[in-house]
Amino acid sequence: MILPTVKKQQIIKIALLLAVLVSLPRNIHVYNMISSGNEQFESVWVVDFLFRLVFMVFFSWAILEINANVVYIKFKLRGTFATVSIIVLDLVMLFATLTLWKALHPIIVDSPLSNEGRGFLTFGYVTLLIVLYFIARILRLQANQRVSDIENEHLKHQNLQKELTALKNQIDPHFLFNSLNSLTSLIRDNEPATQFVKKLSYMYRYILQSGDSDLVSIREELKYLESYTYLMKTRYRERFEIEVNIAEGLKGRKIPPLALQLLVENAVKHNEISESNPLLVRVYSRENSIFIENPLRPRTTMAEGTGTGLLNLRKRYLLLQQQDILVRTENGIFQVELPLRKIE
10 MILPTVKKQQ IIKIALLLAV LVSLPRNIHV YNMISSGNEQ FESVWVVDFL
60 FRLVFMVFFS WAILEINANV VYIKFKLRGT FATVSIIVLD LVMLFATLTL
110 WKALHPIIVD SPLSNEGRGF LTFGYVTLLI VLYFIARILR LQANQRVSDI
160 ENEHLKHQNL QKELTALKNQ IDPHFLFNSL NSLTSLIRDN EPATQFVKKL
210 SYMYRYILQS GDSDLVSIRE ELKYLESYTY LMKTRYRERF EIEVNIAEGL
260 KGRKIPPLAL QLLVENAVKH NEISESNPLL VRVYSRENSI FIENPLRPRT
310 TMAEGTGTGL LNLRKRYLLL QQQDILVRTE NGIFQVELPL RKIE
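According to my numbering, the sequence shown holds residues 10 to 353 in order.
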């Protein structure tokens with residue numbers, strides 16, 4: 010999941026509120042002293058109040074920004090690394106703030122800070138740091154939850170669209186399968202034609218069944234791809250070849266249904282296939298990714314298409330896998346990489 014940024018306006022508002030709340034008890038005490046007739050405290054109180062407030066606001070803003078955004082968005086850290094980095098950065102910010110505060114206070118306020126005052130200052134900032142840490146955690150969890158809710162709603166909408174499409178086509182599958190069975194009985198003596206119809210029937214059945222699943226195993230996808238390849242080789246014969254080399258240990262991993270077939274189909278649709286320029290599509294695995302690549306030889310007359318196949322696959326991959334597919338064109342080779350998630 011791509012993590013969202015906690016809004017800066019929200020962080021600034023919380024920083025201001027905390028700074029005022031933390032400063033409030035002392036300010037009320039000093040104000041009561043002034044109200045009771047100790048007017049000599051008045052000018053010192055105003056400067057001291059503004060000095061403390063500015064430092065509190067800056068410190069609160071910096072800690073919230075580091076804890077809620079910087080570590081997760083800028084540094085892109087997760088898990089234990091993120092927690093350790095947050096603790097280290099928080100302690101550095103605390104030490105730097107206290108050092109700067111103690112150095113500037115006598116200059117700006119023109120009033121020395123007692124040992125008791127130094128101890129109370131350190132205690133106050135440490136307490137504020139702890140409070141800010143937990144507030145930042147809540148802000149980060151809320152932001153993540155909002156994105157998760159949006160993605161879930163999007164998936165629900167897609168599922169509803171699938172159900173609607175299935176209802177519209179409810180009668181069509183029975184008619185088609187009955188027709189294919191009838192065709193098979195008519196061409197029973199023609200083995201290539203019978204095999205072609207069986208592969209076509211399997212493909213259509215797989216498309217219908219996969220509509221109920223967001224993810225399928227690579228093993229299932231390869232079986233479907235084999236049927237699609239049979240149809241293409243029947244059509245193009247020696248002009249079309251495909252090499253499939255997927256590590257056995259990866260075949261249990263999950264990908265969106267029809268992902269491999271769509272990429273092979275794109276290669277067939279958009280590239281020249283002729284006796285002089287046969288098309289070779291390679292499907293292979295490397296580490297934790299599957300690669301589909303082919304020589305780039307664009308057709309002189311482009312095949313009809315909406316151009317949204319690869320875009321739709323990328324959107325499905327982001328939603329279901331929280332990963333992005335990688336598209337490259339190097340040295341006349343068009344390549345698409347599908348990163349795989351580990352089985353949990």
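Beta carbons: idealized from backbone N, C-alpha and C, even for Gly.
Bear in mind the structure is a predicted one, so any value in this text is a computation, not a measurement.
A direct Cα-Cα distance of roughly 51 angstroms separates S219 from L138. Annotation: N286 is outside any alpha helix (DSSP H) and is labelled neither H nor E by DSSP. By the neighbour-count definition (other C-beta atoms within 10 Å, threshold 16), V101 is an exposed residue. For I342, the CB contacts under 8 angstroms within the same chain, skipping 5 residues up- and downstream, are E302, N303, P304 and L305 in chain order. Each of I20, N161, T136 and M212 was checked against the Cα of L267, and the nearest Cα belongs to M212. Here the segment 126-133 does not lie against the segment 150-168, with fewer than 3 beta-carbon pairs under 8 angstroms apart.
Counting only runs that start and end inside the segment 76-117, the alpha helix (DSSP H) elements of at least 4 residues fall at 88-117.
In this structure the segment 326-337 does not touch the segment 273-293; the number of beta carbon pairs closer than 8 angstroms is below three.
Between L30 and L12, the alpha-carbon positions lie close to 31 angstroms from each other.
Boundaries of the alpha helix (DSSP H) harbouring S236: I227 to Y245, taken from the DSSP string. Between the beta-carbon of V273 and that of L234 there is about 7 angstroms, and that keeps the pair under the 8 angstroms contact cut. Among the bridge pairs identified by DSSP, T338 is matched with F343.
In the DSSP assignment, E250 is bridged to L289. Residues of the same chain with a CB within less than 6 angstroms of the CB of V97, apart from the 5 flanking positions on each side, do not exist. When secondary structure is reduced to three states using DSSP, E302 falls in the strand class. Looking at the DSSP output, K22 shares a beta bridge with no other residue. Where I216 is concerned, the enclosing alpha helix (DSSP H) starts and stops at E200 to S219. Between S294 and A256 the beta-carbon gap is near 5 angstroms, inside 8 angstroms, which marks them as a contact. For R325, the enclosing alpha helix (DSSP H) has its first and last residue at G318 to Q330. Put simply, of S32, L86 and I72 the residue whose alpha carbon is nearest the alpha carbon of F58 is S32.
Taking 8 angstroms as the cut-off, the Cβ atoms of A28 and S69 count as close. Distance between V66 and K85, taken at the CA atoms: about 26 angstroms.
Ranked by how close their Cα comes to the Cα of D119, the residues V56, P307 and L271 have V56 in first place. A distance below 8 angstroms separates the beta carbons of E230 and L269. Taking L62 as the centre and dropping the five residues before and after it, the same chain places the C-beta of A28 and S32 closer than 7 angstroms to its C-beta, in chain order.
DSSP places I255 in the coil class of the three-state scheme, outside both helix and strand.
Shown here, S294 sits in a strand according to DSSP, grouped into three states. Contact holds between the segment 234-243 and the segment 194-209, because three or more Cβ pairs, one in each stretch, are under 8 angstroms apart. L269: member of the alpha helix (DSSP H) spanning A268 to H279, first to last residue.
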